[in-house]
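Before any comments, here is the structure.
Residue numbers (the working numbering), protein chains in the order written: chain S, 144 to 348; chain V, 144 to 348.
See below:
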């Protein structure tokens, strides 16, 4: 579930068009600020100022900066809503849980298309790369790092990111066979042990 | 070493400008044909026809279709010239050999830039994706598949491709830390066992 279409009191009072105009102004200001400043440095206060609204209205519409990013950039899921699956997983099934979670996003056409659009922009545009890197680090990798065993949890999480990104590129963008046609269960069997070792095994020379 | 600047008899006879004009016409025709038809379906005969030269001249200048692709697309290395390292490696060091070979390309600024430019175009452009996928499959993955142990060598090679592509995206394009700053030796320690398992371990459900 994304934060794109929450029901708000304003909707029910019939002020739909003004409401949606305000939302669009906020999303447009958010896209500009995230792109120019990156995810970390952009603030709800600054975005509200650009949109000419009170910061409280941005919070009312979108809740958190994470959810505002999700709505503005059409990120396919709210990471904090799905990452609990990973944080709650058995220690010896961390890798499997992560692969299954990401496949849950990528095996559905709409959310896959959103993911890949953002990945394409990050690969081709320096500012988009900064924005996506900071968001993924803040909203996803920092949580994955908390479940990593042993030292250097951030390094482990960044290795997980490398295999997940490569899976997305190879399977869905370049469509390299036979990986592109393999079943989701086969992908889990192949990739889960990789992520498990990155999170819990030896990863330095 | 690439096939971009071979010394030819024509050069030594002083016909440099006509020679380089002909070469450029061949490379331009090659870029068009590879992009339109993909790597597999493009032929030296067809490229020669488009360039208005005899196919023998294309062979004389560039040798093989692989080397013509390398020259036309500025691919950073001639795969057949480095892949022998992998084919000749000890069975229990296949993963390590592949990571070291690819890092040999990516840790040098010029060849990294060429790789990433091609990867960017493949990620954003459907025709470039087809072209790069076919070339990588034909020139690299088919060789990696020959060293894979057990059944389904092509599936194993495509899994290797997923981790290698993801390493390139995460470390060099998105610059996700701490992976982006890790030493090459640390990357080898982390990633080599992944590739080794993809080539020799269990990879199906």
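Cβ coordinates follow ideal geometry from the N, Cα and C atoms, glycine included. Keep in mind the model is a prediction, meaning the values are calculated, not measured.
- Secondary structure at residue 322/V: helix, using DSSP grouped into helix, strand and coil.
- Rounded to the nearest angstrom, the Cβ distance from residue 311/S to residue 264/S is 14 Å, too far for a contact under 8 Å.
- Look at residue 276/S: its C-beta is under 7 Å from a C-beta on chain V.
- Membership of residue 222/V in the alpha helix (DSSP H) is indicated by the continuous run 222-230.
- Taking C-beta atoms under 8 Å as the contact rule, residue 338/S and residue 226/S fail to qualify, at a distance of about 14 Å.
- With the criterion set as a beta carbon lying under 8 Å from some beta carbon of chain V, the members of the segment 314-326 of chain S are 314, 316, 317, 318, 319, 320, 321, 322, 323, 325 and 326, in sequence order.
- By the beta-carbon neighbour count (other beta carbons within 10 angstroms, threshold 16), residue 314/V is buried.
- Distance between residue 252/S and residue 200/V, taken at the CA atoms: about 47 Å.
- When only Cα atoms are considered, residue 207/S and residue 346/S end up about 34 Å apart.
- For the 7 Å CB-CB criterion, residue 246/V and residue 327/V form a contact.
- Listed in chain order, the positions of the segment 336-348 of chain V with a beta carbon within less than 9 Å of a beta carbon of chain S are 336, 337, 340, 341, 344, 345, 346, 347 and 348.
- Between the C-alpha atoms of residue 210/S and residue 235/V there is a straight-line separation of about 47 Å.
- Secondary structure of residue 198/V (DSSP, three-state): helix.
- Proximity of chain V to residue 280/S at the Cβ level (cut-off 8 Å) is accounted for by 319 and 320, in chain order.
- Residue 183/S and residue 229/S have their alpha carbons spaced roughly 23 Å apart.
- Burial is judged here by how many other beta carbons sit within 10 angstroms of a residue's own beta carbon; residue 293/S has fewer than 16 and is exposed.
- Of all residues in the segment 291-303 of chain V, those with a C-beta nearer than 8 Å to a C-beta of chain S are 295, 297, 298, 301 and 302, reading in chain order.
- By the beta-carbon neighbour count (other beta carbons within 10 angstroms, threshold 16), residue 195/S is exposed.
- Counting only the Cα atoms, residue 165/V lies some 57 Å from residue 291/S.
- A direct Cα-to-Cα measurement between residue 255/S and residue 262/S gives close to 10 Å.
- Against chain V, a Cβ distance below 7 Å from residue 308/S picks out 309, 312 and 313.
- DSSP places residue 317/S in the coil class of the three-state scheme, outside both helix and strand.
- Listed along the chain, the chain S residues whose CB falls inside 7 Å of the CB of residue 328/V are 348.
- When the alpha-carbon of residue 318/V is set against those of 274/S, 295/S, 322/S and 319/S, the nearest one is in 274/S.
- The residue from 344/V, 244/V, 191/V and 223/V with its alpha-carbon nearest to that of residue 174/V is 191/V.
- For residue 219/S, the three-state secondary structure derived from DSSP is coil.
- Minimum Cα-Cα distance from residue 278/S among the listed residues 221/S, 170/S and 162/S corresponds to 221/S.
- In the three-state reduction of the DSSP assignment, residue 268/S falls in the coil class.
- Judged by DSSP in its simplified three-state form, residue 186/S adopts coil rather than helix or strand.
- For residue 341/V, the CB contacts under 6 Å within the same chain, skipping 5 residues up- and downstream, are 299, 302 and 303 in chain order.
- In the DSSP annotation of this structure, the continuous segment of the alpha helix (DSSP H) that includes residue 246/S starts and ends at 237-249.
- Contact between residue 305/S and residue 322/V holds: CB atoms are separated by about 6 Å, below the 8 Å threshold.
- Within the same chain, 226, 229 and 230 come within 7 Å of residue 286/S by CB-CB distance, once the 5 residues on both sides are set aside.
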